[in-house]
Amino acid sequence: MKITDSVFRSFRVARTFRQNSQKVNCVDFSPDGEHAISSSDDDCIVLYDIREGKPKGTLYSKKYGVDLIRYTHGDTQTVVYSSNKLDDTIRYLSLTDNQYIRYFPGHTARVIALSMSPVDDTFISGSLDKTIRIWDLRAPNCQVGLTNPLGKPVCSFDPDGLIFAAGVESQAIKLYDLRAFDKGPFASFETKFNRACDLTGVKFSNDGKQILISTNGGIIRVLNAFNGSVLHTFSGYNNSKGTSLEACFTPDSQFVMIGSEDGRVHVWSTESGMKVAVLDGKHSGPINTLQFNPRYMTFASACTNMTFWLPCIDDS
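Numbering (the UniProt record's numbering) for the sequence shown: 1 to 316.
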């Protein structure tokens, strides 16, 4: 089924799960789309079976806390995640036996961005210590370099795993070639916003042609990934408290979506720039995290509760 404006407007809540007692801070789908995993401020890691539509287990990270959880490349049984308690080490966890495979120490402040390469075992992290580090799952030490972008950096790989984007404060998006990282950015795009805000996320579209910038200022922006020109600026969703709300592209790169403080999901067309849907998820608080399944027609949104959505198409 192709995602269209009408299909998006038909999405309804299919299942809501109340496994967590505190905010769900991250959700990720496995590359095959058949599994999902969430991390929460209550130190829980919840595993979901998408085909069966139900949770299939809970793990705990009570000592270190858990945030920014990510499936590793091509593997549904291992994840990496950052800590929100005790230290700033990144951890590599086996989901089959709940054992740590490796630790990645080095950051000296909280990790605020974590992105897995879509093609190999490389991943990157951005921290409040004002550094971006590049890692390899097979080795515990920072692999390819260290930069000081003079601000709080958010970062993300492009769909080919060759380039990554780094957003610094609210000033610029810098593009780096992973093979020549030490030479500095090969492109830098200014990101001037009319209102005071910080960048809270940066993501490439799956076709590699667009870059989505999230902020805590009630505004998100889509850039041309090749020349940095502003394609669209989206606002009109509720974020009066400056919350870090996650935005995402759909897998076909045709839509951008973000949650809001009032528990609704707002959707825009990246072609027309028009808002095409506002979906009420009956969330009890701000939608902190939002992800569309890479393979199946479903997406997840979460506050304290985890909600999965499906389209409701009338075939009659």
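Yeah, the Cβ is synthetic: ideal placement off N, Cα and C, and Gly gets one too.
Secondary structure at Asp-315, three-state DSSP: helix, strand or coil? Only weak support exists for where Asp-315 lies, its pLDDT of 49 falling under 50; the coordinates are left without a value.
Would the beta-carbon of Pro-159 fall within 9 Å of that of Gly-126? Inclusion of Pro-159 and Gly-126 in the CB contact set at 9 Å is not warranted, their separation being larger than that value.
Please confirm whether Lys-63 has its beta-carbon closer than 9 Å to some beta-carbon of chain C. The structure shown contains no chain C; it is built from a single protein chain.
Around the C-beta of Ile-313, are 16 or more other C-beta atoms found within 10 angstroms, so that it is buried, or is it exposed? Sixteen is the threshold: since fewer than 16 other Cβ atoms of the shown chains lie within 10 Å of the Cβ of Ile-313, the residue is exposed.
Considering only the beta carbon of each residue, do Ser-156 and Ile-112 sit closer than 9 Å? In this structure, Ile-112 does not lie closer than 9 Å to Ser-156 by Cβ.
Are Asp-252 and Gly-263 close, meaning C-beta to C-beta below 9 Å? Cβ atoms of Asp-252 and Gly-263: not closer than 9 Å.
So, Leu-212 versus Ile-219, is the Cβ gap smaller than 9 Å? No; because the gap between Cβ atoms is not below 9 Å, this pair is not in contact.
With DSSP collapsed to three states, give me the class of Ser-117. Judged by DSSP in its simplified three-state form, Ser-117 adopts coil rather than helix or strand.
Would the segment 232-250 and the segment 16-23 be scored as touching if the rule is three or more Cβ pairs under 8 Å? These segments do not touch.
How do the segment 133-144 and the segment 42-56 stand: do at least 3 beta-carbon pairs fall below 8 Å, yes or no? With the cut-off at 8 Å, the segment 133-144 and the segment 42-56 do not touch.
Of all the options Ala-225, Gly-259 and Phe-226, which has the alpha carbon lying nearest to the alpha carbon of Phe-234? Comparing Cα-Cα distances from Phe-234 to each of Ala-225, Gly-259 and Phe-226, the minimum goes to Gly-259.
Quick check on Asp-182: does DSSP put it in helix, strand or coil? In this structure, Asp-182 counts as helix in the three-state DSSP scheme.
Phe-29 to Ala-196, Cα distance in whole Å? Each residue's alpha carbon lies about 32 Å from the other.
Met-1, buried or exposed, once every other Cβ within 10 Å from all chains shown has been counted against 16: With fewer than 16 Cβ atoms within 10 Å of its Cβ, Met-1 is classed as exposed.
How many angstroms separate the CA atom of Ser-316 from the CA atom of Arg-15? Legend: pLDDT at Ser-316 = 40, less than 50; position of this residue unreliable, value from coordinates given subsequently. Those two C-alpha atoms are separated by around 24 Å.
Residue range of the unbroken alpha helix (DSSP H) whose run includes Asp-5: Start and end: 5-9.
Boundaries (first-last residue) of the beta strand (DSSP E) holding His-35: Segment 35-40, the beta strand (DSSP E) holding His-35.
What would DSSP say about Arg-295, mapped onto helix, strand or coil? It is coil, neither helix nor strand.
Can you name the start and end residues of the beta strand (DSSP E) that Leu-175 belongs to? Its beta strand (DSSP E) spans residues 172-177.
Euclidean distance between Cα positions of Lys-85 and Val-66: Rounded to whole angstroms, Lys-85 to Val-66 spans 8 Å at the Cα level.
Please classify Ser-301: does DSSP put it in a helix, a strand, or coil? In the three-state scheme derived from DSSP, where H, G and I count as helix and E and B as strand, Ser-301 is classed as strand.
Below 9 Å between beta carbons: does that hold for Ser-269 and Asp-41? Not a contact, by the Cβ cut-off of 9 Å.
Look at Gln-171 and Thr-200 and say whether their C-beta atoms are less than 9 Å apart. Taking C-beta atoms as the reference points, Gln-171 and Thr-200 fail to come closer than 9 Å.
Note down, one range per segment and in chain order, each beta strand (DSSP E) of at least 3 residues found wholly within the segment 209-266. Counting whole runs of 3 or more residues, the segment 209-266 contains the beta strand (DSSP E) stretches 210-215, 220-224, 230-234, 247-249 and 255-259.
Rounded C-alpha distance that separates Cys-303 from Val-256: So the two alpha carbons sit approximately 19 Å from each other.
Quick one, which of Ile-45, Pro-31 and Pro-294 has its alpha-carbon nearest Thr-72's? When each option's Cα is compared against that of Thr-72, the closest is Pro-31.
Alpha-carbon to alpha-carbon, Gly-285 and Lys-62: Taking the straight line joining both Cα atoms gives about 24 Å.
Could you tell me the alpha carbon to alpha carbon distance between Leu-162 and Asn-224, rounded to whole angstroms? So the alpha carbons of these two residues sit roughly 17 Å apart.
With DSSP as the reference, identify every bridge partner of Glu-190, one or two as the case may be. In the DSSP assignment, Glu-190 is bridged to Ala-172.
Determine the direct distance from the alpha carbon of Lys-183 to that of Phe-308, and round the result to whole angstroms. Roughly 43 Å between the two C-alpha positions.
Buried or exposed: Pro-105, going by 16 or more other Cβ atoms within 10 Å of its Cβ? So Pro-105 ends up on the exposed side.
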